[in-house]
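What follows is a single structure, written as structure tokens, with notes after it.
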Amino acid sequence: MEAPKPLFQILLLFLLVSSYPNAFIRRALAEGVTPEEARQLRDEVHGMFYHAFDAYMEHAFPLDELRPLSCGGEDTLGGYALTLIDSLDTLALLGDRERFAASVEWIGKNLRFDINKTVSLFETSIRVLGGLLSGHLIASDYATGMKISSYDNQLLNLAEDLARRLLPAFDTPTGIPFGSVNLLHGVDEHESKITSTAGGGTLTLEFGVLSRLTNDPIFEQVTKNAVRGLWARRSKLNLVGAHINVFTGEWTQKDAGIGTSIDSFYEYLLKAYLLFGDEEYLFIFQEAYRAAMQYLYNDPWYVEVNMDSAAIVWPLFNSLQAFWPGLQVLAGDVDPAIRTHSAFFSVWKRYGFTPEGFNLATLSVQYGQNSYPLRPELIESTYWLYKATRDPRYLDAGRDMVVSLQYGARCPCGYCHISDVELHTQEDHMESFFLAETVKYLWLLFDLAVGPDNLVENGPYKYIFSTEGHLLPVTPQISLVQEHCSYVGAFCKSAGYKQESHASDIATDLQEAHVSRSHGGRVHTGFPLYSTSFESTRTAGLIKGFCPGLSHGQKLGISYVASIDTTHQYESAHKREPTILQSHSAVVVPNPSSDNSPSDNDNNHDNLQESSEGRF
């Protein structure tokens, strides 16, 4: 008996999808966010920023942060208009010259740091110091299109004053700083001697930029010593713990991971190299990254392990891990980034937000970690992966994130913390990073899809984003200070620095990401700095029109260690034998290849179950 026609068609469609799944996935994704919808989403995100920013200025300014439910404000960090400082470069990015100029003028006239306040070294550095420096670099430079004619380095002077008040925190036997410092009196005698790895190791960008702008090396020196102090106390597995005693150097919490208390330590190792060209940071990053992929990576998830034994102590996804795929894009290791982002995003789709903790053993929200404080990390990685691959699935993800924020977190006067991702209950608080990062990365994502016209994508410089999302330009003053070649600052013809040709449209304006070719859904690293062509390339090459400087190999005659086996996944990476590459440039990470394209996660629970099965 002949099967009914509808049933036959369904069976035929099933066979076609089973045989050619990637073609159908790509077609479906291509029919997702249209160019017109991307433009509408970009404009909607623009409106989201001003809904929150205007509410802050009306109801909370000059207090630190907004209370979006009650339409009030609160001082949370130091009582110095934190949200305004954190928002400066977002205003510039959106092209809002009037409010950017007005904000810079107010800060220059009214902000002062000679106050009796004990503040977090980490938060003050990334939010306030970083915001002031980024604002200064934009307001003082004609090339940005946002120069303020009346500006006379007020933000830079404030940044230097603030940093000098933070310096007493670094006066420890290990060089690893205290976690808090009083802006008027220094470190209190009863201050805790325990600090986090991220707190001590995520200061290099802001302090390093300040040293190069003021010609005072002390700021860069103390933060580099802090990184050295942490790395010198790594385990034999090249893992670092979460908390350490800054006087004795003993680890007080030996849980190693890529999330809470450690995350941005990894981030600033790579970004300090990209911004400053200091190979010491690159060497540390290579070793630290290799260890993380060997001991923490349970494809596609990451776990926390004991730093000495690598025994799993927490099969947990925490929301701060979500920055990692974006960092992998910068390192040129895109394939595992795609898989991990897909897993992380499946948690978002399950709850509408990412909880602070998700237990991979029980596939449920970790007890006591059920909130979402408007974190940007997953959105940040979504932006970087779209920038690297142009895969429209990331626009679909961005659209889902906008919907969640608009329907779940929007409040009368801004956007609220979600205190329970399962119930979507709102809490009366909005962190300043919502305007500095969360909205910024969403806007950049959709603007990139439309055809970018902004400072980051079309400006005069390439930018490194700080961990707070602040824009730090790769300029000669910042990035060429330590170049030791005869033509520092000299312009040269294109033959002096040869840009590798790229098959996709991401290449020439994506030098930070070091990803160039996309063939049939496969992404390969291609930027010369991280390729296996081993051509001499230095950070100076990132600056338009400038000659590349000498590589570390040329200066010191040393070689680099990298893996040669690129046919296996990272779950077997520890079995590879290293080889010495006689090279003038460094390979940050191996480029593992796979014949399997990453699959879409339409069924969240099945995806979580399959990813976790047999691993914990």
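For reference, each letter of the sequence shown is one residue, going 1 to 616 in the working numbering.
Ideal placement from N, C-alpha and C gives every residue a C-beta, glycine not left out.
- For PHE465, the three-state secondary structure derived from DSSP is strand.
- Distance between LEU156 and ILE379, taken at the CA atoms: about 30 Å.
- Assignment of THR340 by DSSP, reduced to helix, strand and coil, places it in the helix class.
- Counting the other CB atoms within 10 Å of its CB gives ARG375 a total of 16 or more, which places it among the buried residues.
- Beta-bridge pairing by DSSP links PHE317 to PHE358.
- Proximity to PRO412 across ALA331, LEU69, LEU274, SER120 peaks at LEU69, based on C-alpha coordinates.
- DSSP places ASP43 within a helical segment (H, G or I) once states are collapsed to three.
- Scanning LEU442, LEU205, THR248 for the CA closest to the CA of ILE126 turns up LEU205.
- Residue pairing by DSSP places ALA256 opposite VAL305 in a beta bridge.
- Its chain contains VAL128, GLY131 as the residues whose beta carbon lies nearer than 6 Å to that of ILE85, once the 5 sequence neighbours on both sides are disregarded; these appear in chain order.
- Its chain contains ILE258, LEU296, GLN321 as the residues whose beta carbon lies nearer than 6 Å to that of TYR302, once the 5 sequence neighbours on both sides are disregarded; these appear in chain order.
- Counting only the Cα atoms, MET430 lies some 10 Å from ASP64.
- In the structure shown, PRO473 falls within a strand segment according to DSSP collapsed to helix, strand and coil.
- Between the segment 189-198 and the segment 261-277, the count of C-beta pairs closer than 8 Å reaches three or more; the two stretches touch.
- Scanning ARG39, ALA52, VAL33, GLU36 for the CA closest to the CA of SER432 turns up ALA52.
- Taking C-beta separations shorter than 8 Å and ignoring five residues to either side along the sequence, the partners of LEU230 in its chain run ILE176, THR197, GLY200, GLY201, VAL240, ILE244, PHE265, following chain order.
- Residue burial annotation: THR124 is buried, with at least 16 other C-beta atoms found within 10 angstroms of its C-beta.
- Below 8 Å, too few C-beta pairs join the segment 114-123 and the segment 91-104 to call them touching: fewer than three.
- Just measuring C-alpha positions, the residue of TYR383, THR174, PHE122 sitting nearest TYR268 is PHE122.
- Just measuring C-alpha positions, the residue of LEU77, LEU472, TYR386, THR252 sitting nearest VAL181 is LEU77.
- In chain order, LEU111 place their CB closer than 6 Å to the CB of TYR80, counting only its own chain and leaving out the 5 sequence neighbours on each side.
- In this structure, DSSP gives ASN245 an extended state, which the three-state scheme calls strand.
- In the DSSP annotation of this structure, the continuous segment of the alpha helix (DSSP H) that includes SER211 starts and ends at 204-214.
- For VAL450, no beta strand (DSSP E) segment is defined; the enclosing uninterrupted segment is the alpha helix (DSSP H) at 439-450.
- The three-state secondary structure of VAL365, taken from DSSP, is strand.
- PRO217 is classed as exposed because its beta carbon has fewer than 16 other beta carbons within 10 Å across all chains shown.
- Per the coordinates, the alpha-carbon of GLU279 lies some 29 Å from the alpha-carbon of SER309.
- When ARG67, GLY108, GLY145, PRO62 are compared, the shortest CA-CA separation from PRO460 is found for GLY145.
- It is roughly 13 Å from the alpha-carbon of LEU93 to the alpha-carbon of TYR50.
- Per the Cβ contact rule, the segment 334-345 is not in contact with the segment 221-229 (fewer than 3 Cβ pairs under 8 Å).
- Per DSSP, ILE126 lies in no beta strand (DSSP E) and is assigned neither H nor E.
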